[in-house]
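Trainee: Just so you know, we're using our numbering here: the sequence shown kicks off at 4 and counts up by one.
Yeah, the Cβ is synthetic: ideal placement off N, Cα and C, and Gly gets one too.
What follows is a single structure, and I will ask about it in a moment.
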Amino acid sequence: MALFGSRKPALVGIDISSTAVKLLQLSQSGGRYRVEHYAVEPLPPNAVVEKNIEEPEAVAEAIRRAVQRSGTRSKHAVVAVAGSAVITKIITMPSDLTEDELEEQIEMEANQYIPYPMDEVSLDFEVIGQVKDNEDAMNVLLAASRTENIEARVDVVEAAGLEAKIVDVEAFASENAFTLVSDQISLDSDALVALVDIGATMTTLIVLKENRAIYTREQLFGGKQLTDEIMRRYGLSYEEAGLAKKQGGLPESYEIEVLQPFKEAIVQQVSRTLQFFFGASENNSVDHIVLAGGCASIDGIDELVAEQLGVPTTIANPVADMSLAPRVSAQRLSEDAPALMIACGLALRSFD
């Protein structure tokens with residue numbers, strides 16, 4: 004199974020996160036995208052742990068429910084592996100190589116960068132452009148992952164009755180979806196943008212310049228910490244705490260004693276992840292922060308980050324400018340939008 008794959012029509016993007024399966028299918032007409040099918044189905048606790056599928060049957064069942072709820076008839080899916088499970092490297096190759104010659108050279112080069120036996124690895128590559136000021140050379144993006152990581156995703160998709168046509172990388176999918184978000188932000192073309200995706204258990208920083216990722220990092224931190232605190236403080240089950248977090252109904256003290264400290268922890272986490280980027284590059288600032296993931300839906304979190312870090316901050320909404328099929332709930336889609344960056348990026352693979 005290739006990491007980049009080839010384009011097929013009517014692909015359903017399926018993002019398998021720690022707490023839910025998110026399904027999104029798009030169409031395109033007159034240069035505008037339309038959300039045709041969409042669903043989010045919760046996963047039981049520990050079905051996916053730190054991006055690893057621990058309970059394949061539970062994940063496959065959630066995908067089946069998402070397919071049924073969304074109403075899609077497509078049997079072709081695109082999924083993604085976590086960035087931490089993938090080795091990527093930009094390598095330089097002569098521009099005059101044929102496709103077969105390039106593939107042969109890539110496989111020879113890959114041995115230098117991949118610390119696993121080649122028979123345990125799936126790899127793919129993509130030409131990303133000519134080397135600046137050198138028309139005889141081109142930059143090629145090499146991506147490789149252990150085959151078991153890819154097969155775990157393919158297997159649950161197939162168990163749900165779909166066929167995995169493409170296995171992508173989560174960071175690439177987010178980068179793909181960011182082109183939709185960047186149109187909503189007035190920035191110079193060379194601006195540095197920090198996309199911070201705060202999910203249930205993992206925070207992913209992607210720094211983009213000219214809409215291309217130049218730095219990525221994953222950190223263990225997410226909304227599950229808030230859910231766990233609600234469970235502990237108010238004696239609720241995991242499911243009850245998750246519902247209360249979204250729908251309300253908690254005591255008045257919740258806002259000050261539980262939610263506010265968690266919002267402060269988010270700001271600290273965003274600051275900390277940015278410090279890793281500054282330490283690894285020649286930059287000491289970014290021009291804009293975009294918050295994504297489930298935690299980005301917390302009321303006022305963008306204002307708090309902007310205020311404390313002194314950087315303009317926006318909540319990601321990759322579907323903001325899309326039209327909707329009649330069966331798609333505008334309110335529900337809007338509520339989930341910040342958490343749909345990966346699913347959206349995957350669904351966009353239909354139009355490569």
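Are A83 and V157 close, meaning C-beta to C-beta below 9 Å?
Mentor: Residue 83 sits at position 80 when you count from the first residue of the sequence shown. Residue 157 sits at position 154 when you count from the first residue of the sequence shown. Not in contact: A83 and V157 (Cβ atoms no closer than 9 Å).
Trainee: Could you give the uninterrupted runs of the alpha helix (DSSP H) lying entirely in the segment 292 to 340, keeping only those of 4 residues or more?
Mentor: Within the segment 292 to 340, the complete alpha helix (DSSP H) runs of at least 4 residues are 304 to 312, 333 to 339.
Trainee: Check whether the segment 188 to 202 and the segment 271 to 284 touch, using three or more Cβ-Cβ pairs below 8 Å as the test.
Mentor: Yes, they touch.
Trainee: Is it true that the CB of V70 sits closer than 9 Å to the CB of A42?
Mentor: Here residue 42 refers to the residue found at position 39 of the sequence shown. Here residue 70 refers to the residue found at position 67 of the sequence shown. For A42 and V70, yes; Cβs fall inside 9 Å.
Trainee: For a test of your reading of the model: does the CB of N286 fall under 8 Å from any non-hydrogen atom of the ligand ATP? Yes or no.
Mentor: Questions concerning the ligand ATP fall outside what the structure shown contains, since it holds no ligand whatsoever.
Trainee: Checking 9 Å against the spacing of the C-beta atoms, do A295 and I259 come in under that value?
Mentor: Working through the sequence shown from its first residue, we reach residue 295 at position 292. Working through the sequence shown from its first residue, we reach residue 259 at position 256. Contact flag unset, no.
Trainee: Does the distance from the CB of A350 to the CB of L46 come in under 9 Å?
Mentor: Within the sequence shown, the letter at position 347 stands for residue 350. Within the sequence shown, the letter at position 43 stands for residue 46. Their beta carbons are not under 9 Å apart, which means A350 does not touch L46 by this criterion.
Trainee: Helix, strand or coil for A346? Go by DSSP, reduced to three states.
Mentor: The count along the sequence shown starts at 1 and reaches residue 346 at position 343. Correct three-state label for A346: helix.
Trainee: Just the Cα atoms here: how many angstroms apart are N114 and L253?
Mentor: As a working mapping, residue 114 is identified with position 111 in the sequence shown. As a working mapping, residue 253 is identified with position 250 in the sequence shown. Answer to the nearest angstrom: the Cα atoms are 55 Å apart.
Trainee: Under the assumption that C298 contacts G238 (Cβ atoms under 8 Å), give the Cβ distance between them as a whole number of angstroms.
Mentor: Within the sequence shown, numbered from 1, the residue matching residue 298 stands at position 295. Within the sequence shown, numbered from 1, the residue matching residue 238 stands at position 235. With 8 Å as the limit, C298 and G238 do not qualify as a contact, their Cβ atoms being about 23 Å apart.
Trainee: Can you tell me where the beta strand (DSSP E) with N142 in it begins and where it stops?
Mentor: As a working note, residue 142 is residue 139 in the sequence shown. Where N142 is concerned, the enclosing beta strand (DSSP E) stretches over 137 to 149.
Trainee: Three-state secondary structure (DSSP) at E166?
Mentor: Within the sequence shown, the letter at position 163 stands for residue 166. In this structure, E166 counts as strand in the three-state DSSP scheme.
Trainee: Are the CB atoms of A88 and K54 within a distance shorter than 9 Å?
Mentor: The count along the sequence shown starts at 1 and reaches residue 54 at position 51. The count along the sequence shown starts at 1 and reaches residue 88 at position 85. Yes.
Trainee: Verify whether the separation of the beta carbon atoms of V293 and F128 is less than 9 Å.
Mentor: Within the sequence shown, residue 293 is the residue found at index 290, counting from 1. Within the sequence shown, residue 128 is the residue found at index 125, counting from 1. Cβ atoms of V293 and F128: not closer than 9 Å.
Trainee: In whole angstroms, give me the CA-to-CA distance for S337 and S300.
Mentor: On the sequence shown, residue 337 is found 334 positions in, with the first residue counted as 1. On the sequence shown, residue 300 is found 297 positions in, with the first residue counted as 1. Distance between the alpha carbons of S337 and S300: 10 Å.
Trainee: Check S9 in the structure and name its three-state DSSP category.
Mentor: Locating residue 9 in the sequence shown gives position 6, counting from the first residue. Model confidence at S9 stands at a pLDDT of 49, short of 50, so the residue's coordinates are unreliable; what they give is reported in the following sentence. Looking at S9 - three-state DSSP - the assignment turns out to be coil, as it is neither helix nor strand.
Trainee: Checking the sheet assignment: what are the DSSP bridge partners for K25?
Mentor: Walking along the sequence shown from the start, residue 25 turns up at place 22. Its beta-bridge partners are D18, V43.
Trainee: Mind checking whether V331 and H40 have CB atoms under 9 Å apart?
Mentor: If you number the sequence shown from 1, residue 331 lands on position 328. If you number the sequence shown from 1, residue 40 lands on position 37. Yes, Cβ-Cβ distance for V331 and H40 is below 9 Å.
Trainee: State yes or no: is the C-beta of P97 within less than 9 Å of the C-beta of A162?
Mentor: Residue numbering aside, residue 97 sits at position 94 when the sequence shown is read from its first letter. Residue numbering aside, residue 162 sits at position 159 when the sequence shown is read from its first letter. Taking 9 Å as the Cβ cut-off, P97 and A162 do not qualify as a contacting pair.
Trainee: Is it buried or exposed, M205, if we count other Cβ atoms within 10 angstroms and call 16 or more buried?
Mentor: Looking up residue 205 in the sequence shown gives position 202. Looking at its Cβ environment, which holds 16 or more other Cβ atoms inside 10 Å, M205 is buried.
Trainee: Extract the residue ranges of the alpha helix (DSSP H) inside the segment 50 to 126, only unbroken runs of 4 or more that lie entirely within it.
Mentor: DSSP runs (the alpha helix (DSSP H)) wholly in the segment 50 to 126: 59 to 73, 102 to 116.
Trainee: Decide if V52 is buried, meaning its Cβ has at least 16 other Cβ atoms within 10 Å, or exposed.
Mentor: Residue mapping note: residue 52 aligns to position 49 of the sequence shown, counting from 1. Classification for V52: exposed.
Trainee: DSSP on T207, reduced to helix/strand/coil?
Mentor: By 1-based counting over the sequence shown, the position of residue 207 is 204. In this structure, T207 counts as strand in the three-state DSSP scheme.
Trainee: How would you call S9, buried or exposed, if buried means at least 16 neighbouring beta carbons within 10 angstroms?
Mentor: Within the sequence shown, the letter at position 6 stands for residue 9. Only weak support exists for where S9 lies, its pLDDT of 49 falling under 50; the coordinates are left without a value.
Trainee: Output the distance between the C-alpha atoms of E123 and S353, rounded to the nearest integer angstrom.
Mentor: Position 120 of the sequence shown, counted from the first residue, corresponds to residue 123. Position 350 of the sequence shown, counted from the first residue, corresponds to residue 353. Rounded to whole angstroms, E123 to S353 spans 28 Å at the Cα level.
Trainee: On the DSSP bridge list, what partners appear for Q222?
Mentor: Residue numbering aside, residue 222 sits at position 219 when the sequence shown is read from its first letter. Beta-bridge pairing links Q222 to T206.
Trainee: Is it buried or exposed, G348, if we count other Cβ atoms within 10 angstroms and call 16 or more buried?
Mentor: Residue mapping note: residue 348 aligns to position 345 of the sequence shown, counting from 1. By the neighbour-count rule (16 or more Cβ atoms within 10 Å), G348 is buried.
Trainee: Could you give the distance in angstroms between the alpha-carbon of L145 and the alpha-carbon of G245?
Mentor: Taking the first residue of the sequence shown as position 1, residue 145 is located at position 142. Taking the first residue of the sequence shown as position 1, residue 245 is located at position 242. Computed Cα separation, rounded: 39 Å.
Trainee: Let me know if Y36 comes out buried or exposed under the rule of 16 or more other beta-carbons within 10 Å of its beta-carbon.
Mentor: On the sequence shown, position 33 is the one that residue 36 refers to. So Y36 counts as buried.
Trainee: Just to confirm, is the Cβ distance from L195 to L183 under 9 Å?
Mentor: Counting from one through the sequence shown, the residue named residue 195 turns up at place 192. Counting from one through the sequence shown, the residue named residue 183 turns up at place 180. No, they are not a contact pair.
Trainee: Evaluate I345 with the Cβ neighbour count: other Cβ atoms within 10 Å of its Cβ, from every protein chain shown; 16 or more gives buried, anything less gives exposed.
Mentor: Counting from 1 along the sequence shown, the entry for residue 345 is found at position 342. Buried, since its Cβ has 16 or more Cβ neighbours within 10 Å.
Trainee: Considering only C-alpha positions, which residue in the set P118, I117, V159, T95 is nearest to K135?
Mentor: Within the sequence shown, numbered from 1, the residue matching residue 135 stands at position 132. That would be T95, whose Cα lies nearest to the Cα of K135.
Trainee: On the three-state DSSP scale, how would you describe Q187?
Mentor: Numbered from its first residue, the sequence shown carries residue 187 at position 184. Q187: coil per DSSP, three-state reduction.
Trainee: Just to check my reading of the structure: Q28 and S77 have Cβ atoms closer than 8 Å, yes? What is that Cβ distance to the nearest angstrom?
Mentor: Along the sequence shown, one-based indexing puts residue 28 at 25. Along the sequence shown, one-based indexing puts residue 77 at 74. The pair is a contact, with the Cβ atoms about 6 Å apart (cut-off 8 Å).
Trainee: Given a cut-off of 9 Å on the beta-carbon distance, is the pair I209 and A203 in contact?
Mentor: For this step, residue 209 is matched to residue 206 along the sequence shown. For this step, residue 203 is matched to residue 200 along the sequence shown. No.
Trainee: Look up S192 in the DSSP assignment and say whether it is helix, strand or coil.
Mentor: Indexing the sequence shown from 1 puts residue 192 at position 189. In the structure shown, S192 sits in coil (DSSP, three-state: anything other than H, G, I, E or B).
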